[in-house]
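*Asks:* First the structure, which I've put down as structure tokens, then a few questions once you've had a look.
2 protein chains.
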Amino acid sequence: MRCEIVAIGTELLLGQIVDTNSSWIGEQLALVGIDSHFQVKVGDNFDRMEMTIRNALDRNNAVICCGGLGPTQDDITREVIAAVMGAELRRDEAVVEKIRIMFESRGRVMVDNNRRQADIPEGARLIAQMPGTAPGLVCPIGDKVIYAVPGVPHEMRTMMQGTILADLQRRAGETAVIRSRVLRTWGNSESGLAEQLADRIDQLDTLGNPTLAFQASGMEGIKVRITAKAPDEAAAEAIIRAEEGLIRGLLGDVIFGIDDQSMETVVLNMLGARGLTLAVAEGLTGGVLSARLSEIDHGMAIFRGGAVSGDLAVAEMPGAANAAAAAANVRRDFGTDVGLAVVAAQARDEQPPGTVYMNLAIGAAQYAQTVSLPGDRDRLRNYAVINVLNFLRKTLTDTSI
Amino acid sequence: MRCEIVAIGTELLLGQIVDTNSSWIGEQLALVGIDSHFQVKVGDNFDRMEMTIRNALDRNNAVICCGGLGPTQDDITREVIAAVMGAELRRDEAVVEKIRIMFESRGRVMVDNNRRQADIPEGARLIAQMPGTAPGLVCPIGDKVIYAVPGVPHEMRTMMQGTILADLQRRAGETAVIRSRVLRTWGNSESGLAEQLADRIDQLDTLGNPTLAFQASGMEGIKVRITAKAPDEAAAEAIIRAEEGLIRGLLGDVIFGIDDQSMETVVLNMLGARGLTLAVAEGLTGGVLSARLSEIDHGMAIFRGGAVSGDLAVAEMPGAANAAAAAANVRRDFGTDVGLAVVAAQARDEQPPGTVYMNLAIGAAQYAQTVSLPGDRDRLRNYAVINVLNFLRKTLTDTSI
């Protein structure tokens, strides 16, 4: 089963919008074992869209068209697909009504143009999910199929996950359920992880199911993806759960989270579960640590705030002592349970560049760690943010606080 | 003149990397008046790459191939282009030597695979710029041309700007120089700007040169792009300078910067020019303001630091009074010339959601402004950051400090 992705919109060609949709769709297709050999961007032009879709249909079993389902005159994906199908467009009044109600619920009035969004090629069926005003389409052509989804990312994703991926798998004769889980790690290299998992990878090469794959993701750490195939959801979940347990046993606490969990989400959840509040002192990271924490903890119920400074250094104190003072001070000033400080070495510390002091004050106790981080100033800051959060995570785990 | 962009790499199809290169190239082509009707992503597969490049060459005058010039066995762009040209690859020993020296200067040893990067199709010429170990290629085929550039963004950009854009313009018979400048605005809507510029836009429609274009860029404000065509660089620059002066006269101080200047860059430059230091109190923006300022002012020489808190509110003081106290306090605590505070209205302020109090303390003087911002919490925070920086910018301008 092969599926081509066609992203539609002149703004994509002009570079006004980066096409992230095709990347996401490509990733989802790969996860369920469907090949995608080409991804094409084409502008809002009837002839070129038709040529592109026909060409894609010739060399694939399925085509996903993304974009061009809006209400304006340059949104012509419906018309082009009808032409490729050799079908007429007919207006679906039930869809018109659905769109009208959607506008009404937002306190707005539907304009006439929006009726065009309810034009459906004869022989096509609607995708059940419709999070916006543009209906998605499943358009069979012989034993092949064209899908049409809106360019609005969350609408497209809802339709892919709700209908298209399953429909493609069914068409591929794939009765198995394919599921995956990402274990997110921080603190070991890809080759280091591969070494720890070498025996298990050998076993799985023989077994064939589940499979493991590594993906280095820079500041997001290294991801280990478990993919399982099974007759049904429950069986796939059971395979993944068993494999996850096994891998956690082998890798230990370099695994900080799963799937979309970021380091800051995990740390805030740990603090929340323990009823602890946090304040931070940023002597190196210039507000990036605070920004990432408050991005998750919108109400700032757990992360109460922080002090940002170019130089938290006090008098002639060495870096480690400065970090300790900063952690204790910020904890006291904000009246939180936990104070966390990250401070760069100063010239007087006589340390190599990239030396970073971290300190954690919890109640009367203080924990310290010094790390040596790579990279220019920009990367150093970002690595320092992840490292200091990971330091907090591991300390909470290790000390059983 | 039409040019197709072919992005090469299986990792692009799998969604492991988002293809931002094609977007950037598309934008550059549009700026110099070259059409791009299709952009294609294809994996590291000989037959499919050859088919894609031949197809692109059929329907265009030029093709830019991006990626697949690395040293590993799946980097086969050189081989595929040679096949399309019907030419042999020959190893350029001068390039081998260049690569060897590049490795040496980084304290590394060149491995044998890297020699492959010096394989050049007969009849192709090297792109003069070579910022990495992969040489770029100009490969004429009849009166058409294939360019090959590496997938590493900064290497690709250097070659586009140094060689390819000019070569395409020359091939298009375009002897004119096309240059553009972006005027960046904050504080007026696209329709508002268009109204202020209506007469001038009418005049330019008749004149035809220079041209004006608007581009809404969300949190980055609305961009007004001036594009001028002239026989040479100096004449193009003169046209742009004159037009910029005219537009600045019409739009006034909603223009905060040009080209790549962000709001924080502009504000830090203004403070720096006046010898002023800054501290901020973030009662709403959770560290995002500090992070953006320190991202530019790495050494934190002007932006000295800030206080981040979920609630800067004091006792029963109303929001505006809280913002004033926070600005004065942060200025005192950090010992800076300027204190800047941004605070959200609390329930007791009895204001509509999105009400934000801003205050600026300079010496003994204080300036206040209240704004009502749209959006959910995430957008609100980001809008508040730009608004409070713009408030500082305008106050510095208006008060002639």
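Protein chains in written order, with my numbering: chain A, 1 to 401; chain B, 402 to 802. For glycine and all other residues, C-beta sits at the position ideal for the given N, C-alpha and C.
#1: Check whether the Cβ atoms of A:V224 and A:L207 lie closer than 8 Å to each other.
#2: By alpha-carbon positions, which one of B:R501, B:V485, B:W587 ends up nearest to B:R794?
#3: Taking 8 Å as the threshold (beta carbon to beta carbon), is A:M130 in contact with chain B?
#4: Residue range of the beta strand (DSSP E) that A:I141 falls in?
#5: Run through chain A and tell me which residues come within less than 8 Å of B:E556, C-beta to C-beta.
#6: Nearest to B:G619 by CA position, among B:E591, B:G764, B:D799, is which residue?
#7: I'd like to know whether the C-beta atoms of A:C3 and A:I64 end up nearer to each other than 8 Å.
#8: Provide the residue span of the beta strand (DSSP E) that contains B:Q767, from first to last.
#9: Do A:Q349 and A:L276 have their C-beta atoms closer together than 8 Å?
#10: List the whole-angstrom C-beta distance separating A:A327 from A:A341, where the pair is believed to meet the contact cut-off of C-beta under 8 Å.
#11: Please report how far the alpha carbon of A:G252 lies from the alpha carbon of B:E494, in whole angstroms.
#12: Take the Cβ of B:I627 as the centre, count every other Cβ of all protein chains shown within 10 Å, and call the residue buried at 16 or more, exposed below.
#13: What is the rounded straight-line gap between the Cα of A:I5 and the Cα of B:R455?
#14: Let me confirm a value: B:R479 is counted as buried when at least 16 other C-beta atoms fall within 10 Å, else exposed. Which label applies?
#15: Return the Cβ separation of B:T421 and B:P554 in integer angstroms, given the expectation that the two are a contact with Cβ distance under 8 Å.
#16: Which term fits A:P210, buried or exposed, when burial requires 16 or more other beta carbons within 10 angstroms of its beta carbon?
#17: Would you report the Cα separation of A:A242 and A:G375, rounded to the nearest angstrom?
#18: Could you give the distance in angstroms between the alpha-carbon of B:C467 and the alpha-carbon of A:A361?
#19: Does the pairing of the stretch 25 to 41 of chain A with the stretch 105 to 121 of chain A give three or more beta-carbon distances under 8 Å?
#20: Between the beta-carbon of B:G537 and the beta-carbon of B:M560, is there less than 8 Å?
#21: Identify which residue in B:I648, B:I802, B:M557, B:R780 has its Cα closest to the Cα of B:I602.
#22: For A:M130 and A:L396, what's the separation of their Cα atoms in angstroms?
#23: Cβ closer than 7 Å: which chain A residues qualify as neighbours of B:T421?
#24: Mapping DSSP to helix, strand and coil, what is B:L458?
#25: Report the residues of the stretch 303 to 334 of chain A with a CB closer than 7 Å to any CB of chain B, ordered along the chain.
#26: Report the residue from A:A321, A:G245, A:A320, A:V330 whose alpha carbon sits nearest the alpha carbon of A:G306.
#27: Report the residue from B:L490, B:L605, B:Q616, B:R516 whose alpha carbon sits nearest the alpha carbon of B:V583.
#28: So B:V443 contacts chain A; which residues on that side make the cut at Cβ distance below 9 Å?
#29: Give me the chain B residues within the contact set of A:E264, using Cβ-Cβ distance strictly less than 8 Å, ordered along the chain.
#30: In the structure shown, what three-state DSSP assignment does B:I477 receive?
#31: DSSP beta-bridge partners for B:E683?
#32: Can you tell which of A:G354, A:F46, A:N61 has the C-alpha that lies nearest to the C-alpha of A:R171?
#33: Looking at the structure shown, is A:T52 part of a helix, part of a strand, or coil, going by DSSP?
#34: Report yes or no: is there a C-beta of chain A within less than 8 Å of the C-beta of B:R778?
#35: Kindly indicate which residue of A:I164, A:G86, A:I8 has the alpha-carbon position closest to the one of A:I141.
#36: Between the stretch 5 to 16 of chain A and chain B, which residues of the former have CB atoms less than 8 Å from a CB of the latter, in chain order?
*Replies:* Quick look at the numbers:
#1: It is not a contact, given that the beta carbons lie outside the stated cut-off.
#2: Residue B:W587 holds the alpha-carbon nearest to the alpha-carbon of B:R794 among B:R501, B:V485, B:W587.
#3: For A:M130, not one C-beta of chain B is nearer than 8 Å to its own C-beta.
#4: Segment 137 to 141, the beta strand (DSSP E) holding A:I141.
#5: Ordered by position in chain A, no residue passes the 8 Å Cβ test against B:E556, which lies about 18 Å from the chain.
#6: Distance check between B:G619 and each of B:E591, B:G764, B:D799 places B:E591 closest, using alpha-carbon atoms only.
#7: It is a contact, given that the beta carbons lie within the stated cut-off.
#8: In the DSSP annotation of this structure, the continuous segment of the beta strand (DSSP E) that includes B:Q767 starts and ends at 766 to 773.
#9: The sequence given here places Asp at residue 349 of chain A; Gln does not occur at that position. Note that the C-beta distance between A:D349 and A:L276 is not below 8 Å.
#10: With 8 Å as the limit, A:A327 and A:A341 qualify as a contact, their Cβ atoms being about 4 Å apart.
#11: Spanning the two alpha carbons is a distance of roughly 50 Å.
#12: By the 10 Å Cβ count, B:I627 comes out buried.
#13: A:I5 and B:R455: Cα-Cα distance of roughly 20 Å.
#14: Around the beta carbon of B:R479, a 10 Å sphere encloses 16 or more other beta carbons of the protein chains shown; the residue is thus reported as buried.
#15: That belief holds up - the Cβ atoms of B:T421 and B:P554 are roughly 7 Å apart, short of 8 Å.
#16: Buried, by the Cβ-count rule.
#17: Taking the straight line joining both Cα atoms gives about 38 Å.
#18: Going from the Cα of B:C467 to the Cα of A:A361 covers about 50 Å.
#19: The stretch 25 to 41 of chain A vs the stretch 105 to 121 of chain A: no contact.
#20: Yes.
#21: Out of B:I648, B:I802, B:M557, B:R780, the CA that lies nearest to the CA of B:I602 is found in B:I648.
#22: Approximately 43 Å, taken between the alpha carbons.
#23: Ordered by position in chain A, the residues that pass the 7 Å Cβ test against B:T421 are V18.
#24: Here B:L458 sits in helix by DSSP.
#25: Cβ contacts with chain B: R304, G305, G306, A307, V308, S309, G310.
#26: Answer by Cα proximity: A:V330.
#27: The residue with the shortest Cα to Cα distance from B:V583 is B:Q616.
#28: The answer, in chain order, is H37, F38, Q39.
#29: The contact set of A:E264 on chain B, defined by CB atoms closer than 8 Å, is empty, because the minimum CB distance reaches about 12 Å.
#30: If DSSP states are grouped into helix, strand and coil, B:I477 belongs with coil.
#31: B:E683 pairs with B:V709, B:V743.
#32: Distance from the Cα of A:R171 is smallest, within the candidate group A:G354, A:F46, A:N61, for A:N61.
#33: Helix, per DSSP.
#34: With 8 Å as the cut-off, B:R778 counts as an interface residue toward chain A.
#35: Among A:I164, A:G86, A:I8, the Cα nearest to that of A:I141 is on A:G86.
#36: Residues L12, L13, L14, G15, Q16.
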